[in-house]
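Heads up: the sequence shown runs through residues 408 to 717, numbered per the numbering used here. We treat Cβ as the ideally placed atom computed from N, Cα and C, and that holds for glycine. Report on the following structure.
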Amino acid sequence: MSRIVVATSKPEATRHWLSVMQAALPEFEIVGWEPGEPATGARYAIVWAPPKDFFDQEKNLEALFNLGAGVDALIALPNLPDIPLFRLQDAGMAAQMTEYVVHHLASLSRGFSTYAQQQRQSHWEQLSPPNYANWPVGVMGLGKLGSHVAQELAKLGYPVAGWARSHRQVDGVEIFHGAAQFEKFLSRSRVLINLLPLTDDTRGIINHELLASLMPDSVIINIARGGHVVDDDLLKALNSGRIQLAVLDVFNQEPLPAEHPYWSHPKVRVTPHVAAVTLDDQAAVQISRGIRSLAQGQMPGGLVRRDIGY
Ligand code: NAP
Ligand code: GLV
408 MSRIVVATSK PEATRHWLSV MQAALPEFEI VGWEPGEPAT GARYAIVWAP
458 PKDFFDQEKN LEALFNLGAG VDALIALPNL PDIPLFRLQD AGMAAQMTEY
508 VVHHLASLSR GFSTYAQQQR QSHWEQLSPP NYANWPVGVM GLGKLGSHVA
558 QELAKLGYPV AGWARSHRQV DGVEIFHGAA QFEKFLSRSR VLINLLPLTD
608 DTRGIINHEL LASLMPDSVI INIARGGHVV DDDLLKALNS GRIQLAVLDV
658 FNQEPLPAEH PYWSHPKVRV TPHVAAVTLD DQAAVQISRG IRSLAQGQMP
708 GGLVRRDIGY
């Protein structure tokens, strides 16, 4: 019987995923990996931020399954073996991302943050009807998550544009692609949503230059990775009034250090990397399907291209 090993950064998370995956793959033997224990000899690994020694020890692995969408941290490991790596594709995260964005965007565009202030003063006043044209949205990254978010916002009536590496079609969304069209995409965007993978090409992309290219009074919603943001540039743009609000779910250092200025900044909303979390049932379905396909000699979806970093 082929063996599967689960390895994460926390023993309780490893135990949790071991039991979730064992229920989904009863025909396989699934074991958890603990630092200091002997190699398991497993053929497949299910991982999220595995301990440093994991790949030095597990030498029989033929494929890796990532318990998340982003693979930047895994790819950065110097001892990552050169075997196929599969990531989660959507798996319930696209809907969560949309919900997260609509929550924050509607608080501005529908005036819900103003109504919250009014309630504190027992003040009854109806604001003007929403004018979606005032909130042109730009979505960076049109993959599994970005294309869904862009499409759903367009359905609500926001003018939505998206930017990706290559050209594609997304219903109701104006498409820009490549470096040559980036400036044009930014200059028509007032709400910038980041759903790019973190790669050599995208690290630090939310910097002074980008922030200066957006429409005045812009909003940044970063739900991809903290490494996309140059924090000093964003703080300067918030303090100067160039950017009215930054909604940040991900950070260069996580957990966000207690002394970080984002925590108390009046124009920053912080959430602790929860914009879209991995859901047990959907992750288990996708990974178990992938492992069964591989075991039968077929190639599952979600293969990561190491050469481009996502
Ligand atoms: P994906 O399907 O791989 O899509 C990535 C998109 O980014 C693609 O459209 C791709 O363009 C585009 N892209 C990549 N490099 C680019 C570049 N240099 N210039 C322009 N466009 C570029 O990824 P996904 O599943 O949507 O996930 C996106 C990211 O969300 C993940 O990598 C992860 O970091 C983040 N995430 C965050 C959370 C959270 O809770 N905060 C949860 C899940 C995921 P092409 O289509 O042309 O290839
Ligand atoms: C979470 O951040 C993920 O990449 O799935």
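On the DSSP letters alone, give me the boundaries of the alpha helix (DSSP H) that residue i sits inside.
{"i": "Met504", "result": "Met500 to Ser516"}
{"i": "Glu581", "result": "Where Glu581 is concerned, there is no enclosing alpha helix (DSSP H), although the beta strand (DSSP E) it sits in stretches over Val580 to His584."}
{"i": "Glu616", "result": "His615 to Ser620"}
{"i": "Arg527", "result": "Phe519 to Arg527"}
{"i": "Glu590", "result": "Phe589 to Ser594"}
May I ask you to list the residues that DSSP assigns as paired with residue i?
{"i": "Met415", "result": "According to the sequence provided, residue 415 is Thr. The question's Met does not apply to it. Its beta-bridge partners are Trp455."}
{"i": "Arg601", "result": "At residue 601 the sequence reads Asn, which differs from the Arg that was named. In the DSSP output, where bridge partners are listed per residue, Asn601 has Met547 and Asn629."}
{"i": "Trp542", "result": "Trp542 pairs with nothing; no bridge assigned."}
{"i": "Ala568", "result": "Gly545 and Glu581"}
{"i": "Arg410", "result": "Glu436"}
{"i": "Leu710", "result": "Phe493"}
{"i": "Val636", "result": "Ile613"}
With residue i as the anchor, note down where its beta strand (DSSP E) starts and where it stops.
{"i": "Leu655", "result": "Ile650 to Leu655"}
Since residue i and residue j should fall inside the 8 Å C-beta cutoff, what is the C-beta to C-beta distance between them, to a whole number of angstroms?
{"i": "Leu605", "j": "Arg632", "result": "4 Å"}
{"i": "Val684", "j": "Gln503", "result": "7 Å"}
{"i": "Pro623", "j": "Leu642", "result": "With 8 Å as the limit, Pro623 and Leu642 do not qualify as a contact, their Cβ atoms being about 18 Å apart."}
{"i": "Gly545", "j": "Leu599", "result": "5 Å"}
{"i": "Tyr507", "j": "Ile630", "result": "6 Å"}
{"i": "Ile715", "j": "Leu432", "result": "The Cβ separation is near 30 Å, so there is no contact."}
{"i": "Ala779", "j": "Glu465", "result": "Since the first residue shown for the chain is 408 and the last is 717, residue 779 is missing from the structure and cannot be characterised."}
Which runs of the alpha helix (DSSP H) spanning at least 4 residues fall entirely within the segment 420-492, listed in chain order?
461-464 and 479-482
Tell me the start and end of each unbroken alpha helix (DSSP H) in the segment 660-696 that is at least 4 residues and wholly inside, in chain order.
none
Do three or more CB pairs link the segment 672-679 to the segment 699-715 at distances below 8 Å?
no
Evaluate the contact criterion for the segment 521-530 versus the segment 545-558: three or more CB pairs, one atom per stretch, below 8 Å.
no
For the structure I just gave you, are there three or more beta carbon pairs, one from the segment 487-496 and one from the segment 508-523, closer than 8 Å?
no
For the 8 Å Cβ check, are there 3 or more pairs between the segment 651-670 and the segment 679-690?
yes
Cβ pair count under 8 Å reaching 3, the segment 427-435 against the segment 481-489:
no
Touching by the beta-carbon criterion (3+ pairs, under 8 Å), the segment 578-589 and the segment 441-454:
no
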